[in-house]
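Chains A and B supply the protein sequences, listed in that same order.
The numbers in the working numbering rise by one with no breaks, and the one at position 5 of the first sequence is 5.
The numbers in the working numbering rise by one with no breaks, and the one at position 152 of the second sequence is 152.
As structure tokens, the structure follows; a few thoughts come after it.
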Amino acid sequence: MVKLEKVLPKYARKAFSLNPVIADKMGLSARNLGRTADHFLNTWMGKVGIIILAFFLLVIIYSQLFMPYDNNESALPTYAPMSWEHPFGTDARGRDVLTRTAHGTLASLTVGLMAMAISMGMGTLVGLASGYWGGWRDNVIMRINDVFLSIPWLVLMIVISAILGNPSLFTVILVIGVTGWSTTARIIRSQVLSLKERQFVERAKALGAGEWHIMKKHIFPNVVPLVFANAILTIAIAILSESTLSFIGLGPQDVETWGKVLENAYSTGAVTAGQWPFIVMPGLCIVFVVLAFTFIGYAMDEVLNPKLRKR
Amino acid sequence: MASFRRVMTQRLFNAFLTIVMIMILNFFLFRIMPVDPALLMIPRDPDLDTMRIYEDNLVKFGLDKELHEQFIIYMKMTFTGDWGTSYIYKTPVLEALAGPLAWTALLLGISSLLTFVIGMYLGKVAARRRGKNADLAITGFGLFFYGMPIFWFAIILMLIFAVEIPIFPTGGYVTSGIHPFPLTIDKIFDILMHLVLPVATLVVGAIAGIILIMRNSLVDVLTEDYVTTAYAKGLTEKQVMKSHASPNARLPIVTTIAMDTAFILGGAFQVEWVFGYRGIGWTTIDAIDRSDYPLLQFIFLIGGTAVVAANLFADLALVKLDPRVSIV
Numbered sequence: 001m002v003k004l005e006k007v008l009p010k011y012a013r014k015a016f017s018l019n020p021v022i023a024d025k026m027g028l029s030a031r032n033l034g035r036t037a038d039h040f041l042n043t044w045m046g047k048v049g050i051i052i053l054a055f056f057l058l059v060i061i062y063s064q065l066f067m068p069y070d071n072n073e074s075a076l077p078t079y080a081p082m083s084w085e086h087p088f089g090t091d092a093r094g095r096d097v098l099t100r101t102a103h104g105t106l107a108s109l110t111v112g113l114m115a116m117a118i119s120m121g122m123g124t125l126v127g128l129a130s131g132y133w134g135g136w137r138d139n140v141i142m143r144i145n146d147v148f149l150s151i152p153w154l155v156l157m158i159v160i161s162a163i164l165g166n167p168s169l170f171t172v173i174l175v176i177g178v179t180g181w182s183t184t185a186r187i188i189r190s191q192v193l194s195l196k197e198r199q200f201v202e203r204a205k206a207l208g209a210g211e212w213h214i215m216k217k218h219i220f221p222n223v224v225p226l227v228f229a230n231a232i233l234t235i236a237i238a239i240l241s242e243s244t245l246s247f248i249g250l251g252p253q254d255v256e257t258w259g260k261v262l263e264n265a266y267s268t269g270a271v272t273a274g275q276w277p278f279i280v281m282p283g284l285c286i287v288f289v290v291l292a293f294t295f296i297g298y299a300m301d302e303v304l305n306p307k308l309r310k311r
Numbered sequence: 001m002a003s004f005r006r007v008m009t010q011r012l013f014n015a016f017l018t019i020v021m022i023m024i025l026n027f028f029l030f031r032i033m034p035v036d037p038a039l040l041m042i043p044r045d046p047d048l049d050t051m052r053i054y055e056d057n058l059v060k061f062g063l064d065k066e067l068h069e070q071f072i073i074y075m076k077m078t079f080t081g082d083w084g085t086s087y088i089y090k091t092p093v094l095e096a097l098a099g100p101l102a103w104t105a106l107l108l109g110i111s112s113l114l115t116f117v118i119g120m121y122l123g124k125v126a127a128r129r130r131g132k133n134a135d136l137a138i139t140g141f142g143l144f145f146y147g148m149p150i151f152w153f154a155i156i157l158m159l160i161f162a163v164e165i166p167i168f169p170t171g172g173y174v175t176s177g178i179h180p181f182p183l184t185i186d187k188i189f190d191i192l193m194h195l196v197l198p199v200a201t202l203v204v205g206a207i208a209g210i211i212l213i214m215r216n217s218l219v220d221v222l223t224e225d226y227v228t229t230a231y232a233k234g235l236t237e238k239q240v241m242k243s244h245a246s247p248n249a250r251l252p253i254v255t256t257i258a259m260d261t262a263f264i265l266g267g268a269f270q271v272e273w274v275f276g277y278r279g280i281g282w283t284t285i286d287a288i289d290r291s292d293y294p295l296l297q298f299i300f301l302i303g304g305t306a307v308v309a310a311n312l313f314a315d316l317a318l319v320k321l322d323p324r325v326s327i328v
């Protein structure tokens, strides 16, 4: 395998060859990035995770560009068994199940990524503020956080989606994102609590650095690895949450995710019709994508957390 | 011990505060629901004077009052145990939910017990054979089922063991037409048969977390100096495990149980829905479909309170189990 560590700095230097200082700096950070990436790919979890994700990226490209059937075309025979033309059979309206499953990939991953962005953004912001301020403000924020941690997530999501009514892709993302920030906030906060007592923060304060500067330049960069590893795991949870919401009929009405395909399979009686692939395949897709993100998250944790490496 | 009492008072106060905030959230969330309950409760009959019934309903539900007045009444009613009347069942919500609550308790009781016993055992085996095949197999199994939608696994189990090979019933908590009470041996057997698939789903869905935590915390403990000392004293592996490693490794599990309460409830919702097991989860999803807000509001409240109580209980249990905690 080509060592990324060696290749990356060379390109970085070339790209910025006009300005030697920037080029050197870019080279250095590229080398660090390369080393991290190498280490990451050396763990079996990282490798497997990346392979699975790469497969699903190919599926997205294929489904958007080359799919032989239209997603809504229903002229085909209904509940056709598995065959070469329809590897997963067809559904109650005669649509090709493989096509539907493949199309679900993009929607499901979109929900996962966007919901992650929302809950990580909120969680990081709240955790940083709460941990850094301390005192009564911390207390107030943490009590609100307690409420969000205490309400069973499914019930909260159900209630919010019922309020928003007729959920679209965007509202589903919003619901999952907004209900998912509390754990992140708590993890970030405890890290900040320990960081702000360190000497480098004290030193910065002694030099007259403002609150905002310390947060931005000293605290935030140190929680980034934690945010990163946590973000990957959050994607997995968001995809699972979406499928559950869809299954009980509160999924997005405007796009078809894997959860919606499953719900459709279940409610049109694919179980009793013996349409195995219709039930099994979308579910397996969810399992593997979630598995991929979990693996990558764990591998990332191992890379960014040298203490774990010894084991 | 004085400091211990202070910490506990603080925790209790926080728990109380959380519950009050859940109540407040509960009030406002259901006030901004798009459906007007007074409108919803008008019977579909063209002969009736709908406008008058609507106004009567407004008065009956107290919706004619100002928002702050409604809020005070709501808080008063919540604290005095008057939780409203279910639209679907036309009885007080507690009465409507007593049955489902009991069935869910049965389902969750059995499945949680199995999850913890089996999960802790497998975690222990994995930690002891760290890096060997048994460890890889168990952790791999755990991770695979960790990322599985619970409702999907429920459908798969139903497909295999109730449709293709009909050993177990497809749904419900008893065979339809049979009234579970008074209990007889036959009826107990029937109930147990109905429990097998839902319990299996819940155990497999939740066991991964327990296995992974037990394994990791045991691995942590096994690398501690005092474990090496114990081996150096000449104790056997069994003795070290039993009296040195396991008691310490079990501590994080206590916190996990509490943190998992919300997750376990979520799992129960899905399993009950798929198997048509008429517990609290099935009732909730049914209540959403039929806009039964008083019922939903009450479920929201007990769900949140249950989680708060579980966390408080875990704090207390941890103090009891780990003497180091009480010093803090």
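All C-beta atoms, glycine included, are put in the ideal place defined by N, C-alpha and C.
Query	Result
Ends of the alpha helix (DSSP H) at residue 320(B)?	293–321
Please report whether the beta-carbon of residue 240(A) lies at a distance below 7 Å from any beta-carbon of chain B.	yes
Nearest-angstrom Cα distance between residue 236(A) and residue 51(A)?	16 Å
Counting C-beta neighbours from all protein chains within 10 Å, is the total for residue 124(A) 16 or more, i.e. buried, or is it exposed?	buried
Just tell me which of 295(B), 11(B), 4(B) and 289(B) has its CA closest to the CA of residue 313(B).	11(B)
If you measure beta-carbon to beta-carbon, which residues of the region 159–190 of chain B are closer than 7 Å to chain A?	159 and 163
If contact is defined by three or more beta carbon pairs under 8 Å, each pair taking one atom from either stretch, is the region 112–122 of chain A in contact with the region 138–158 of chain A?	no
Could you have a look at residue 252(B) and say whether DSSP puts it in helix, strand or coil?	helix
By the 10 Å Cβ neighbour count, where 16 or more other Cβ atoms means buried, how is residue 167(B) classified, buried or exposed?	exposed
Using beta carbons (cut-off 7 Å, strictly below), is residue 18(B) in contact with chain A?	yes
List the residues of chain B whose Cβ lies closer than 9 Å to the Cβ of residue 143(A), in chain order.	14, 17, 18 and 21
For the putative contact between residue 285(A) and residue 90(A), defined by C-beta atoms under 8 Å, what is the C-beta separation to the nearest angstrom?	With 8 Å as the limit, residue 285(A) and residue 90(A) do not qualify as a contact, their Cβ atoms being about 18 Å apart.
Report the neighbours of residue 152(A) on chain B: residues whose CB is nearer than 7 Å to its CB, in chain order.	262, 265, 266, 303 and 307
Got a sec: which bits of the region 137–151 of chain B sit with their beta carbon under 7 Å from any beta carbon on chain A, in order along the chain?	143, 144, 146, 147, 148, 149 and 151
What do you get for residue 266(B), buried or exposed, if any count of 16 or more other CB atoms within 10 angstroms of its CB means buried?	buried
If contacts are defined as beta-carbon pairs under 8 Å, then residue 306(B) and residue 261(B) qualify, I think. What distance do you get, rounded to the angstrom?	6 Å
Rounded to whole angstroms, what is the Cα-Cα separation between residue 376(B) and residue 55(B)?	Nothing about residue 376(B) can be read from this structure; chain B reaches only from 1 to 328.
Just checking, does the region 239–246 of chain A make contact with the region 280–295 of chain A on the three C-beta pairs under 8 Å criterion?	yes
Any contact of the region 260–274 of chain A with the region 151–167 of chain B, i.e. 3+ C-beta pairs under 8 Å?	yes
Using DSSP with H/G/I as helix, E/B as strand and the rest coil, what is residue 91(A)?	coil
In this structure, does DSSP put residue 260(B) in helix, strand or coil?	helix
Alpha carbon to alpha carbon, how far is residue 77(B) from residue 141(A)? Give it in angstroms, no decimals.	28 Å
Mind checking whether residue 196(A) and residue 298(A) have CB atoms under 7 Å apart?	no
Would you mind listing the alpha helix (DSSP H) stretches within the region 172–258 of chain A that are 4+ residues and don't spill past its ends, in chain order?	181–195, 199–206, 211–214 and 220–247
So, for residue 45(A): in the same chain, excluding its five sequence neighbours on each side, which residues have a beta-carbon less than 7 Å away from its beta-carbon?	295, 298 and 299
So, at 7 Å on beta carbons, what are the nonlocal neighbours of residue 193(A) in its own chain, with the 5 sequence-adjacent residues on each side left out?	131
Exposed or buried, residue 244(B), counting other C-beta atoms within 10 Å across all chains shown (16 or more means buried)?	buried
Please confirm whether residue 146(A) has its beta-carbon closer than 7 Å to some beta-carbon of chain B.	yes
Check residue 310(A) in the structure and name its three-state DSSP category.	Reliability of the predicted coordinates at residue 310(A) is poor, the pLDDT of 48 falling under 50, and the value obtained from them is presented with this limitation in mind. Here residue 310(A) sits in coil by DSSP.
For residue 282(B), return the contacting residues in chain A, with the cut-off set at a CB-CB distance below 8 Å.	By Cβ distance, chain A contributes nothing, its closest Cβ being about 11 Å from residue 282(B), past 8 Å.
Could you confirm whether any beta carbon from chain A is found closer than 7 Å to the beta carbon of residue 288(B)?	yes
Using DSSP bridges, identify the partner residues of residue 85(B).	92(B)
Output the distance between the C-alpha atoms of residue 211(A) and residue 218(A), rounded to the nearest integer angstrom.	10 Å
Determine the chain B residues that contact residue 291(A) at a beta-carbon separation under 7 Å, and present them in chain order.	143, 144 and 147
From the DSSP output, in three-state form, read off residue 146(A) for me.	helix
Would you identify the three-state DSSP class for residue 24(A), choosing helix, strand or coil?	helix
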